[in-house]
Amino acid sequence: MASTRHEVQSPFPARSPNAMQRLLSGRLTGLAVGTALAAGWGLLSGWMMPRGPLTTGEALATMTVSLVIGIAAGASMGSRWAMLVAPVVSVIVFEAARLGAEGPTVDAVQSSTYGIFAFIVGRGFHALLALTPMILGAAVGAGHMRRSEPSTPRRRAKLWRGIRRSLAAVVGLALVALAVLIARPASTSPIMGPDGNPAAGSITELTTVEAGGKDLGLMLRGTSTRNPVLLFLAGGPGGSELGAMRNHLPALEETFLVATLDQRGTGTSYPALDPTSTLSLESYVKDTLSVTNYLRERFDQDRIYLMGQSGGTLHGILAVQRNPDFYRAFVGVGQMVSPLETDRIFYQDTLDWANRTGKAELAGKLEDIGPPPYESMLDYETALSHEYEVYSYDRTGNSEGEGGFSENFLVPEYTFTDQVHLLGAFMDTFAVLYPQLQDLDFRNDAISLEVPVFFVQGAHEARGRAEPFREWVAVLEAPGKEVVEFENSGHRPLFEEPAKFVAFMRDTVLTGTAS
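Residue numbers (the working numbering): 6 to 520.
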């Protein structure tokens, strides 16, 4: 009997060796193109934005370009592997491109509170804006190419396909919502008159001032542009107080035209941090004098008032010392005198407190790092971040809680991008500038000033600041000198007891220097 051969025919069309080679070649070409696009974007963003997007424009551009790069990479590869390959390549190239950048937000990740915050506001925020759109784009691009290819008979996992599409839609809507939030412009509320309309002659403005080749953020608020100008320097280094000044001291705007400066590398001036070689105590002093001249010329006032809080008092005093003819008076709030002496007292008091309260782990860490100064900012976290526990006092009746300037982040004077970066700006600026302050000691460097000086201290000020201040003010010579102590305040009396502070500024400072 003759045998019969049955041939099983494949449901897939046979491919010739040449067809297979063309397919493989196409896949490799697509992989190369997608990888090159991701690498190019990583290189460009690392060069242009070494700390990630710092402005609204940079943030929105990052989201848009990353989405486009993802779509192109997904389409060229024709595979969902683009969702992994493109972001990984982009991150590797970006990190390599910004190796020259320094600071907590770009350094190696540290397992501490400051280190975690630095990671979130640095790499974390950038990843949200760059990698999420890129992954979504890669999924869309790859999916489009797969749908455009000739399909072959096979079962499709409709359920999983539906889940993927739903997830992509949710992510897409979330990114749109994020873009809308980022696009919100900064603003400051008007000063209202008795009729419920903006007061005639008042000024409420967010602007920038060029100083030393950098654009610095400046908030101007006052019931009249004819009021005496008061330039305010926030603490830190690295602090920003736009929200606190408007929230706590609106009554001050009735007497002064209040100019609140975001100093180089802080708050809305965070983009002015780089290159960090331009950030120094000297640049802070020069910036203060440049902004002073801008205010003098714009509002036609030969001399203005200068006020500093905490770290802002350091370069404030130096600016007054260098150009006394620019200023009617200097007001120091929570006055700093010697950062190194302050830190050493803080260190010893914290170590004593840790031993006294049985905090053996903290005491061990402090003994390991030894007394200041330190090269690493994270060591300062160990030595200085327990102030409210070591020097505790009842803040009942204060208008400001223990959070200090961090409680005034969510205000319209900052864009969303500014708000994300406020803490990162503080850490990056502190890391660069604070080591330069270690040799500064007004007990030796500023024992005389040529303008009247007024100091507002808190009765509960920490010993590390209070003792050097008392020693300095006792020998300080000036045309006028007055010290007032607020009984319910610590280091920030202007915000802790604002009504009393406004009265002092109006009745003592302004009245005593009116001539």
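Even glycine gets a Cβ: it sits at the ideal position worked out from N, Cα and C.
Checklist entry - Between the beta-carbon of Ser-245 and the beta-carbon of Thr-273, is there less than 9 Å? => result Sequence index remark: in the sequence shown, residue 245 carries index 240 (1-based). Sequence index remark: in the sequence shown, residue 273 carries index 268 (1-based). Cβ distance < 9 Å, so Ser-245 and Thr-273 count as in contact.
Next on the checklist: Taking the alpha helix (DSSP H) that Val-533 belongs to, which residues open and close that run?
Outcome noted: Since the first residue of the chain shown is 6 and the last is 520, residue 533 is not available in this structure.
Item to check | Assigned exposure category for Ala-216 - 16 Cβ within 10 Å defines buried | outcome: As a position in the sequence shown, residue 216 is number 211, starting the count at 1. So Ala-216 ends up on the buried side.
Item to check | Alpha carbon of Thr-387 to alpha carbon of Ser-381, nearest angstrom | outcome: As a working note, residue 387 is residue 382 in the sequence shown. As a working note, residue 381 is residue 376 in the sequence shown. Spanning the two alpha carbons is a distance of roughly 11 Å.
Next on the checklist: Using 8 Å for Cβ pairs, my map puts Val-296 next to Leu-266. What's the rounded Cβ distance?
Outcome noted: In the sequence shown, residue 296 corresponds to position 291, counting from 1. In the sequence shown, residue 266 corresponds to position 261, counting from 1. So it is a contact: roughly 6 Å between Cβ atoms.
Item to check | Proximity below 9 Å, CB of Gly-142 to CB of Ser-71 | outcome: The count along the sequence shown starts at 1 and reaches residue 142 at position 137. The count along the sequence shown starts at 1 and reaches residue 71 at position 66. When the beta-carbon positions are compared, Gly-142 and Ser-71 come within less than 9 Å of each other.
Checklist entry - Tell me which same chain residues have a C-beta within less than 6 Å of the C-beta of Val-461, skipping the five on either side of it? => result Counting from 1 along the sequence shown, the entry for residue 461 is found at position 456. Closer than 6 Å at the Cβ level, and outside the excluded window around Val-461, lie Val-338, Val-489 and Pro-498.
Checklist entry - What residue range is occupied by the uninterrupted alpha helix (DSSP H) comprising Phe-500? => result As a working mapping, residue 500 is identified with position 495 in the sequence shown. Element bounds for Phe-500: 498-501.
Item to check | Uninterrupted alpha helix (DSSP H) stretches inside the segment 118-142 (no shorter than 4 residues) | outcome: DSSP runs (the alpha helix (DSSP H)) wholly in the segment 118-142: 118-124.
Checklist entry - Residues in its own chain within less than 8 Å of Arg-448 by CB, not counting five upstream and five downstream? => result Taking the sequence shown and counting its residues from 1, the one referred to as residue 448 is at position 443. Answer for Arg-448: Val-342, Ser-343, Pro-473, Glu-476, Trp-477 and Val-480, listed in chain order.
Checklist entry - First and last residue of the beta strand (DSSP E) that includes Arg-226? => result Taking the sequence shown and counting its residues from 1, the one referred to as residue 226 is at position 221. Note, Arg-226: beta strand (DSSP E), 219-227.
Checklist entry - The beta strand (DSSP E) with Gln-314 in it runs from where to where? => result Working through the sequence shown from its first residue, we reach residue 314 at position 309. Boundaries of the beta strand (DSSP E) around Gln-314: 309-314.
Checklist entry - By Cβ distance below 6 Å, which residues in the same chain neighbour Leu-247 in space, the five residues on each side in sequence not counted? => result Start at 1 with the first residue of the sequence shown, and residue 247 comes out as number 242. Closer than 6 Å at the Cβ level, and outside the excluded window around Leu-247, lie Met-224, Thr-265 and Glu-418.
Item to check | Three-state secondary structure (DSSP) of Phe-17 | outcome: The sequence position of residue 17 within the sequence shown is 12, counting from 1. Caution applies to Phe-17, whose pLDDT of 39 falls short of 50 and renders its modelled position unreliable; the value that the coordinates give is listed next. Here Phe-17 sits in coil by DSSP.
Next on the checklist: Below 8 Å on the Cβ atoms is my contact criterion, and I expect Val-456 with Phe-335 to pass it. Report the Cβ-Cβ distance as a whole number of Å.
Outcome noted: Taking the first residue of the sequence shown as position 1, residue 456 is located at position 451. Taking the first residue of the sequence shown as position 1, residue 335 is located at position 330. Yes, they are in contact, since the Cβ atoms of Val-456 and Phe-335 sit about 6 Å apart, within 8 Å.
Checklist entry - Should Pro-503 go down as buried or exposed, given a rule of 16 or more other Cβ atoms within 10 Å for buried? => result By one-based count along the sequence shown, residue 503 stands at place 498. Per the 10 Å Cβ criterion, buried.
Next on the checklist: Taking the alpha-carbon of Phe-351 as reference, which of Gln-340, Ala-324, Lys-364 and His-391 has the nearest alpha-carbon?
Outcome noted: Taking the first residue of the sequence shown as position 1, residue 351 is located at position 346. Ranking the options by Cα distance to Phe-351, first place goes to His-391.
Next on the checklist: Can you confirm whether the segment 95-115 touches the segment 44-53 when touching is taken to mean that 3 or more C-beta pairs between the two stretches lie within less than 8 Å?
Outcome noted: The segment 44-53 makes contact with the segment 95-115: 3 or more CB pairs, one atom from each, lie closer than 8 Å.
Checklist entry - Just curious, the beta strand (DSSP E) that Ala-334 is in, first and last residue? => result The residue labelled residue 334 in the question sits at position 329 within the sequence shown. Start and end: 332-338.
Next on the checklist: Please state whether the Cβ-Cβ distance between Thr-293 and Ala-256 is less than 9 Å.
Outcome noted: As a working note, residue 293 is residue 288 in the sequence shown. As a working note, residue 256 is residue 251 in the sequence shown. Cβ atoms of Thr-293 and Ala-256: not closer than 9 Å.
Checklist entry - Cβ of Ala-123 within 9 Å of Cβ of Asp-279? => result Numbered from 1 along the sequence shown, position 118 holds the residue referred to as residue 123. Numbered from 1 along the sequence shown, position 274 holds the residue referred to as residue 279. Cβ atoms of Ala-123 and Asp-279: not closer than 9 Å.
Item to check | Alpha carbon of Pro-484 to alpha carbon of Ala-519, nearest angstrom | outcome: As a working mapping, residue 484 is identified with position 479 in the sequence shown. As a working mapping, residue 519 is identified with position 514 in the sequence shown. Whole-angstrom Cα-Cα distance: 14 Å.
Item to check | CA nearest to the CA of Ser-171, picked from Gly-45, Ala-144, Asp-423 and Asp-220 | outcome: Residue numbering aside, residue 171 sits at position 166 when the sequence shown is read from its first letter. Comparing Cα positions, the closest option is Ala-144.
Item to check | Thr-157 burial status per 10 Å Cβ neighbour count (16 or more: buried) | outcome: Within the sequence shown, residue 157 is the residue found at index 152, counting from 1. Residue placement at Thr-157 is flagged as unreliable, the pLDDT there being 49, under the threshold of 50; a coordinate-derived value is accordingly withheld.
Next on the checklist: So, at 7 Å on beta carbons, what are the nonlocal neighbours of Tyr-379 in its own chain, with the 5 sequence-adjacent residues on each side left out?
Outcome noted: Working through the sequence shown from its first residue, we reach residue 379 at position 374. Correct list, in chain order: Tyr-385.
Item to check | Integer Cβ distance of Ile-187 from Leu-65, believed to fall under 8 Å | outcome: Indexing the sequence shown from 1 puts residue 187 at position 182. Indexing the sequence shown from 1 puts residue 65 at position 60. Confirmed, about 6 Å.
Item to check | Same chain, Cβ closer than 7 Å to Gly-227, five either side skipped, listed in chain order | outcome: Taking the first residue of the sequence shown as position 1, residue 227 is located at position 222. Sequence-distant Cβ neighbours of Gly-227 in its own chain, meaning closer than 7 Å and more than five residues away, are Ser-207, Ile-208, Glu-258, Phe-261, Leu-262 and Val-263.
Checklist entry - Which term fits Leu-89, buried or exposed, when burial requires 16 or more other beta carbons within 10 angstroms of its beta carbon? => result In the sequence shown, the residue the question calls residue 89 occupies position 84. Exposed: under 16 other Cβ atoms inside 10 Å.
Checklist entry - On the three-state DSSP scale, how would you describe Val-214? => result Here residue 214 refers to the residue found at position 209 when the sequence shown is read from its first residue. Reduced to three states, the DSSP call for Val-214 is strand.
Next on the checklist: As an exercise, report each continuous alpha helix (DSSP H) stretch of at least 4 residues that is fully enclosed by the segment 434-490, in chain order.
Outcome noted: 447-450 and 468-480
Next on the checklist: I'd like to check one pair, Ala-87 with Gly-45: are the Cβ atoms closer than 9 Å?
Outcome noted: Within the sequence shown, the letter at position 40 stands for residue 45. Within the sequence shown, the letter at position 82 stands for residue 87. No, Cβ-Cβ distance for Gly-45 and Ala-87 is not below 9 Å.
Checklist entry - What number of angstroms, rounded off, separates the C-alpha of Phe-500 from the C-alpha of Tyr-396? => result Counting from 1 along the sequence shown, the entry for residue 500 is found at position 495. Counting from 1 along the sequence shown, the entry for residue 396 is found at position 391. Distance between the alpha carbons of Phe-500 and Tyr-396 is about 18 Å.
Next on the checklist: Quick check on DSSP: helix, strand or coil for Leu-427?
Outcome noted: Translated into the one-based positions of the sequence shown, residue 427 becomes position 422. In this structure, Leu-427 counts as helix in the three-state DSSP scheme.
Checklist entry - Near Val-94, which residues of its chain fall below 8 Å by C-beta distance, leaving aside the five closest residues on each side in sequence? => result Position 89 of the sequence shown, counting from 1, holds the residue named residue 94. Same-chain partners within the cutoff: Thr-40, Ala-43, Ala-44 and Gly-47.
Item to check | Whole-angstrom distance between Leu-136 and Pro-92, CA atom to CA atom | outcome: Here the question's residue 92 lines up with position 87 in the sequence shown. Here the question's residue 136 lines up with position 131 in the sequence shown. Taking the straight line from one Cα to the other gives about 6 Å.
Checklist entry - Under three-state DSSP, which class holds Thr-265? => result Counted from its first residue, the sequence shown places residue 265 at position 260. Thr-265 falls in the strand class under three-state DSSP.
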